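So the structure is just underneath, and the comments pick up after that.
There are 2 protein chains.
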Amino acid sequence: MINIGIYGYGNLAKGVLKAVKKNSDFNVVGIFSRRDPKKLKEENKEVNFYSVDEVLSFKDKIDVMIMCGGSKSDLPQQSPLIVSNFNIVDSFDTHQMITEHFDNVNKNALVSKHVGIISVGWDPGMFSLNRIIFDSILPDGNTYTFWGKGVSQGHSDAIRRIDGVLDARQYTIPIDSTLEEVRSGNGKKYSAREMHKRECYVVAKEGADKARIEQEIKTMPYYFADYDTTVHFITKEELDKNHSGIPHGGFVIRSGETSEGVNHVLEYRLKLDSNPEFTASILVAYARACVKMYKRGEYGCKTVFDVAPKDLSNLDYQNLIAHKL
Amino acid sequence: MINIGIYGYGNLAKGVLKAVKKNSDFNVVGIFSRRDPKKLKEENKEVNFYSVDEVLSFKDKIDVMIMCGGSKSDLPQQSPLIVSNFNIVDSFDTHQMITEHFDNVNKNALVSKHVGIISVGWDPGMFSLNRIIFDSILPDGNTYTFWGKGVSQGHSDAIRRIDGVLDARQYTIPIDSTLEEVRSGNGKKYSAREMHKRECYVVAKEGADKARIEQEIKTMPYYFADYDTTVHFITKEELDKNHSGIPHGGFVIRSGETSEGVNHVLEYRLKLDSNPEFTASILVAYARACVKMYKRGEYGCKTVFDVAPKDLSNLDYQNLIAHKL
Numbered sequence: 003m004i005n006i007g008i009y010g011y012g013n014l015a016k017g018v019l020k021a022v023k024k025n026s027d028f029n030v031v032g033i034f035s036r037r038d039p040k041k042l043k044e045e046n047k048e049v050n051f052y053s054v055d056e057v058l059s060f061k062d063k064i065d066v067m068i069m070c071g072g073s074k075s076d077l078p079q080q081s082p083l084i085v086s087n088f089n090i091v092d093s094f095d096t097h098q099m100i101t102e103h104f105d106n107v108n109k110n111a112l113v114s115k116h117v118g119i120i121s122v123g124w125d126p127g128m129f130s131l132n133r134i135i136f137d138s139i140l141p142d143g144n145t146y147t148f149w150g151k152g153v154s155q156g157h158s159d160a161i162r163r164i165d166g167v168l169d170a171r172q173y174t175i176p177i178d179s180t181l182e183e184v185r186s187g188n189g190k191k192y193s194a195r196e197m198h199k200r201e202c203y204v205v206a207k208e209g210a211d212k213a214r215i216e217q218e219i220k221t222m223p224y225y226f227a228d229y230d231t232t233v234h235f236i237t238k239e240e241l242d243k244n245h246s247g248i249p250h251g252g253f254v255i256r257s258g259e260t261s262e263g264v265n266h267v268l269e270y271r272l273k274l275d276s277n278p279e280f281t282a283s284i285l286v287a288y289a290r291a292c293v294k295m296y297k298r299g300e301y302g303c304k305t306v307f308d309v310a311p312k313d314l315s316n317l318d319y320q321n322l323i324a325h326k327l
Numbered sequence: 003m004i005n006i007g008i009y010g011y012g013n014l015a016k017g018v019l020k021a022v023k024k025n026s027d028f029n030v031v032g033i034f035s036r037r038d039p040k041k042l043k044e045e046n047k048e049v050n051f052y053s054v055d056e057v058l059s060f061k062d063k064i065d066v067m068i069m070c071g072g073s074k075s076d077l078p079q080q081s082p083l084i085v086s087n088f089n090i091v092d093s094f095d096t097h098q099m100i101t102e103h104f105d106n107v108n109k110n111a112l113v114s115k116h117v118g119i120i121s122v123g124w125d126p127g128m129f130s131l132n133r134i135i136f137d138s139i140l141p142d143g144n145t146y147t148f149w150g151k152g153v154s155q156g157h158s159d160a161i162r163r164i165d166g167v168l169d170a171r172q173y174t175i176p177i178d179s180t181l182e183e184v185r186s187g188n189g190k191k192y193s194a195r196e197m198h199k200r201e202c203y204v205v206a207k208e209g210a211d212k213a214r215i216e217q218e219i220k221t222m223p224y225y226f227a228d229y230d231t232t233v234h235f236i237t238k239e240e241l242d243k244n245h246s247g248i249p250h251g252g253f254v255i256r257s258g259e260t261s262e263g264v265n266h267v268l269e270y271r272l273k274l275d276s277n278p279e280f281t282a283s284i285l286v287a288y289a290r291a292c293v294k295m296y297k298r299g300e301y302g303c304k305t306v307f308d309v310a311p312k313d314l315s316n317l318d319y320q321n322l323i324a325h326k327l
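If you're matching them up, the sequences are chains A and B in order. Basically my numbering = 1-based index in the first sequence + 2. Basically my numbering = 1-based index in the second sequence + 2.
This is the structure we're talking about:
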């Protein structure tokens, strides 16, 4: 049995609670939150809640802590802090800050001799894994990453900040014809506009100027200006009814040659009903690997690049080679 | 620079020669064959050929030997033999014999303290990798493997053994409508006939009874009887002109739930112009990993399940986490 703690209690943590129900080798010791444990217990009676201040007293009771805070302000502080006393896995996903986060977690993990696996999820995570394996087994080629169809939180937030907008949901959608071209192995480069389009569902405040809002969205630099963007104005009721899910997914495709004119196309594709539930499931598999690595005496900061596939599985090695190879 | 030897000289070995040209960190020391090195040198002046009897004198000149013999009679003998003095990678692909082959390679690798990575390719290999990662990150679900469209050597051989057949090529083809159903995440089980069909191109001897040949193919137990099989009689010229390539590929698809009604579909797909060239490229990437593992002091028999993705890449770790994660 692997005893886990969950640090933070949002959508991702709720996904972890669901994921461990699908994995018989896990036991949830408790959830650590800055919010009042008593109030959280009223919300969910199935699990124990503790204050983050109590975490040290669980040092010998928890094999690995699953860090469920946000990448912007929580994980940069919490992961280095917690790895000083626990093995951890986190889903830090700010690509341009990964090296800094790695160094911060590594420094403390090397001292405490714990394992901290960072940036676990599907991108970064499964997509990264496929990108480096694809690159390595087909070195002469091009890799394409498409995201969606899925809700982009950052783009939805950007729309919500526009004057006159009550609520909004933005979908990033890969362009089918480009996907098909990429799959044909033509090796071409594509612009942002050629790869993705953006679809926005916007609830305007009463009396707001919809034409201006639409214009502001479509011309917003970086977020929308480089894409073909469609804006639909809908009611709050429609938004809540038809756009409350958090689906996502995407494609990593590599095409390349092994010799003149001999082409290969490799594709990895995810179609997810719930982004946080799927990310949580990946975190749980890597939590298992984290504990196995720690028990072998490994320590320091790790990523999906360091983890041997066998460590993700709850089957023993004999079984894996006999039935899964 | 990684110095490799190639053991055996068939299609796979020729693929390895092409693959190393795409990887700047490899150097081919020589090819070891049971055939006369002088005659082989006439066939290919770019590389050194040696008799298999000379192999021991290369013990300190070769970092890893890429085993290019067949799974049926070569590799079961050669891999355990060569791993007693060299690191090796092989593409042993007889699924039901893998445990025995593993044990034979492992026994000698543990004594010689070398690394032997067996069953490297796309199935077993990349497909196996995806099967266990998919199972681990989405434990409540079903995994489907489809092969093709591609040439099956075993099925082509089976047709050639029929009286009156001069030559033949058999394509295994996934059934599109089943693929689409699987991708919808319905979780259904399918029969062999529902997943694949078989298409045969047959050159009959002059005067042979084509109706009987077609009947013998379609009713052949295990190979064809369980599938919808189409037989086309063509001339030897047509076969050579239109069916001389060795394309292959396939799909690994897993669908499953993380909670009631919340479904996810994960898909890995390969579309290959040349089966041996692509398999050779995978072998070369795992040869790199083999040498890294050996240099870290690891030894024994390994599979793709043991190899951390970073070891496949020729980029350093700093670079990987900064740019590929």
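We treat Cβ as the ideally placed atom computed from N, Cα and C, and that holds for glycine. The structure presented is a predicted model; accordingly, all values stated were derived computationally and were not measured.
*asked:* Counting only Cβ-Cβ distances shorter than 7 angstroms, please list the residues of the stretch 106-132 of chain B near chain A, keeping chain order.
replied: Ser-121, Pro-126, Ser-130, Leu-131
*Note down, in chain order, every chain B residue with its Cβ under 8 angstroms from the Cβ of Val-306 of chain A.*
Pro-311, Leu-327
*asked:* Could you tell me the alpha carbon to alpha carbon distance between Gly-150 of chain A and Glu-183 of chain B, rounded to whole angstroms?
replied: 20 angstroms
*How would you call Val-91 of chain B, buried or exposed, if buried means at least 16 neighbouring beta carbons within 10 angstroms?*
buried
*So, using beta-carbon positions, are Gly-302 of chain A and Asn-144 of chain A closer together than 8 angstroms?*
no
_Can you list, in chain order, the residues of its chain with a C-beta nearer than 8 angstroms to that of Asp-230 of chain A? Leave out the 5 residues immediately preceding and following it._
Arg-195, Lys-199, Arg-200
*Check each residue of the stretch 278-299 of chain A: if its Cβ is closer than 7 angstroms to any Cβ of chain B, include it; give the result in chain order.*
Glu-279, Phe-280, Ser-283, Ile-284, Ala-287
*Going by CA-CA distance only, name the one from B:Glu-44, B:Lys-24, B:Ile-68, B:Gly-12 that's closest to Val-31 of chain B.*
B:Ile-68
*At a Cβ cut of 7 angstroms, what residues of the stretch 18-38 of chain A count as close to chain B, listed as they run along the chain?*
Lys-20, Ala-21, Lys-24, Asn-25
*Tell me whether the beta-carbon of Ile-134 of chain B lies closer than 8 angstroms to the beta-carbon of Val-309 of chain B.*
no
*Counting Cβ pairs closer than 8 angstroms, one from the stretch 166-177 of chain B and one from the stretch 21-36 of chain B, do we hit at least three?*
no
*Can you tell me the Cα-Cα spacing of Phe-307 of chain A and Met-222 of chain B, whole angstroms?*
46 angstroms
*asked:* With the cut-off set at 8 angstroms, would you say His-116 of chain B and Phe-136 of chain B are in Cβ contact?
replied: no
*Simplified DSSP state of Glu-45 of chain B, which is helix, strand or coil*: helix
*Under 8 angstroms between beta-carbons, which chain B residues line up against Tyr-146 of chain A? List them in chain order, please.*
Within chain B, no residue comes near Tyr-146 of chain A; the closest Cβ sits about 14 angstroms away, beyond 8 angstroms.
*Note down, in chain order, each residue of its chain lying with its Cβ closer than 6 angstroms to the Cβ of Phe-94 of chain A, except the 5 sequence neighbours on either side.*
Ser-73, Leu-77, His-103, Ile-120, Ser-121
*Contact under 8 angstroms by Cβ, Phe-235 of chain A with Ala-213 of chain A*: no
_Measuring alpha carbon to alpha carbon, tell me which residue in B:Ile-215, B:Asn-188, B:Gly-152 is nearest Val-167 of chain B._
B:Ile-215
*Sort A:Glu-48, A:Ser-276, A:Gly-7 by Cα distance to Pro-59 of chain A and report the nearest one.*
Per the sequence shown, residue 59 of chain A should be read as Ser rather than Pro. Closest option to Ser-59 of chain A, Cα to Cα, is A:Gly-7.
*Kindly list the residues whose CB is nearer than 7 angstroms to the CB of Arg-36 of chain B, restricted to its own chain and excluding five residues on each side of it in sequence; keep chain order.*
Val-54
_8 angstroms is my cut-off, CB to CB: does Asn-265 of chain B come that close to chain A?_
yes
*Is the CB of Lys-40 of chain B under 8 angstroms away from at least one CB in chain A?*
no
*Among B:Val-267, B:Tyr-270, B:Pro-249, B:Gly-299, which one has its Cα closest to the Cα of Phe-280 of chain B?*
B:Pro-249
*Which term fits His-266 of chain B, buried or exposed, when burial requires 16 or more other beta carbons within 10 angstroms of its beta carbon?*
buried
_Residues of its chain near Arg-271 of chain A, where Cβ-Cβ distance is below 6 angstroms and the 5 sequence neighbours each way are ignored_ = Phe-253
*Same chain, Cβ closer than 7 angstroms to Ala-131 of chain A, neighbours up to 5 away in sequence not counted*: Rather than Ala, the amino acid found at residue 131 of chain A in this sequence is Leu. So the qualifying residues of the chain are Val-306.
*Using a Cβ-Cβ cut-off of 8 angstroms, state whether Leu-314 of chain B counts as contacting chain A.*
yes
*In chain order, which continuous runs of the alpha helix (DSSP H) of length 4 or greater are located wholly inside the stretch 236-298 of chain B?*
238-244, 277-297
*asked:* Nearest by alpha-carbon distance to Tyr-11 of chain A: which of A:Ile-4, A:Leu-317, A:Lys-43, A:Met-3 is it?
replied: A:Lys-43
*asked:* For a cutoff of 8 angstroms on Cβ pairs, would you count Leu-181 of chain A as touching chain B?
replied: no
*State the Cα-Cα distance for the pair Ala-170 of chain A and Asn-188 of chain A, rounded to the nearest angstrom.*
37 angstroms
*Name, please, each residue of chain B whose Cβ falls closer than 9 angstroms to the Cβ of Leu-322 of chain A.*
Ser-130, Ile-134, Thr-305, Phe-307
*Within 8 angstroms (strictly less), CB to CB, does Lys-273 of chain B reach chain A?*
yes
*Expressed to the nearest angstrom, what Euclidean distance is found between the alpha-carbon atoms of Ile-219 of chain B and Gly-156 of chain B?*
13 angstroms
*Count the other CB atoms, across all protein chains shown, that sit within 10 Å of the CB of Val-293 of chain A; report buried if there are 16 or more and exposed otherwise.*
buried
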